[in-house]
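*Asks:* Numbering of the sequence shown is given in this note's numbering, commencing with residue 326 and proceeding in unit increments.
Let me give you the structure first, and then I'll get to my questions.
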Amino acid sequence: MIASGMLSCYFDLPWLSEAMGLALEQASLAAKEGEVPVGAIIYWDGEVIGTGRNAREGRKDPLGHAELDAIRMASEKVGDWRLDRALMVVTLEPCPMCMGAMLQARIPLLAYGAADPRAGAAGSLMSMDDDPRFNHTIKVIRGVRGEESARLLRDFFDRKRAGS
Ligand SMILES: [Zn+2]
């Protein structure tokens, strides 16, 4: 259970936009490293405790998603697997694997940028955030700087197609 006041500061849109700015920075770094640009930031009581960016190509790791790296870093920092006061901010709607990890970590709140109609599991392809069969639900704030997040991805794939 989340105390309702505890997370209320996160529902402030200017604040969330700024938080998404950090996730977008991570995504840009990923693009520079030749990775699909997705970035994630985890907040705990308003403080950054985890960052991650897609590293699938570089590490040759199918689990190299931004969210999983951020969750690992956050858990280490908090000293607990249970991140029940955390906010996940990620540029792209999480896939089923990452939504699964967020459920495992009991993360109560997710803000994402662009929707992912092909793999998104927070409302697009399926709704793992709000499935009563799980013992935990995740509140989702959609479309925070979604245009910028989508543009990063589009530009990356355009460049890739152009072969540069
Ligand atoms: Zn994922």
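All C-beta atoms, glycine included, are put in the ideal place defined by N, C-alpha and C.
Closer than 6 angstroms by C-beta to residue 445: which residues in its own chain qualify, once you throw out the five before and the five after it? Chain order, please.
*Replies:* Working through the sequence shown from its first residue, we reach residue 445 at position 120. Taken in chain order, the residues that qualify are 418.
*Asks:* Any idea what DSSP makes of residue 358, helix, strand or coil?
*Replies:* Residue 358 sits at position 33 when you count from the first residue of the sequence shown. Looking at residue 358 - three-state DSSP - the assignment turns out to be coil, as it is neither helix nor strand.
*Asks:* Decide yes or no for the touch test of the stretch 470 to 479 against the stretch 401 to 410: beta carbon pairs closer than 8 angstroms, at least 3 of them.
*Replies:* Touching, no, given that fewer than three Cβ pairs across the two stretches are closer than 8 angstroms.
*Asks:* For a test of your reading of the model: does the CB of residue 419 fall under 8 angstroms from any non-hydrogen atom of ligand 1? Yes or no.
*Replies:* Numbered from its first residue, the sequence shown carries residue 419 at position 94. Residue 419: yes, Cβ under 8 angstroms from ligand 1.
*Asks:* Starting from residue 383, follow the alpha helix (DSSP H) in both directions and report where the run begins and ends.
*Replies:* The residue labelled residue 383 in the question sits at position 58 within the sequence shown. Start and end: 381 to 384.
*Asks:* Please identify the residue among 351, 470 and 396 whose C-alpha is closest to the C-alpha of residue 412.
*Replies:* As a first step, residue 412 must be located in the sequence shown, where it is residue number 87. Answer by Cα proximity: 396.
*Asks:* Would you say the beta carbon of residue 360 comes nearer than 8 angstroms to a heavy atom of ligand 1?
*Replies:* Numbered from its first residue, the sequence shown carries residue 360 at position 35. It does not: the Cβ of residue 360 is nowhere closer than 8 angstroms to a heavy atom of ligand 1.
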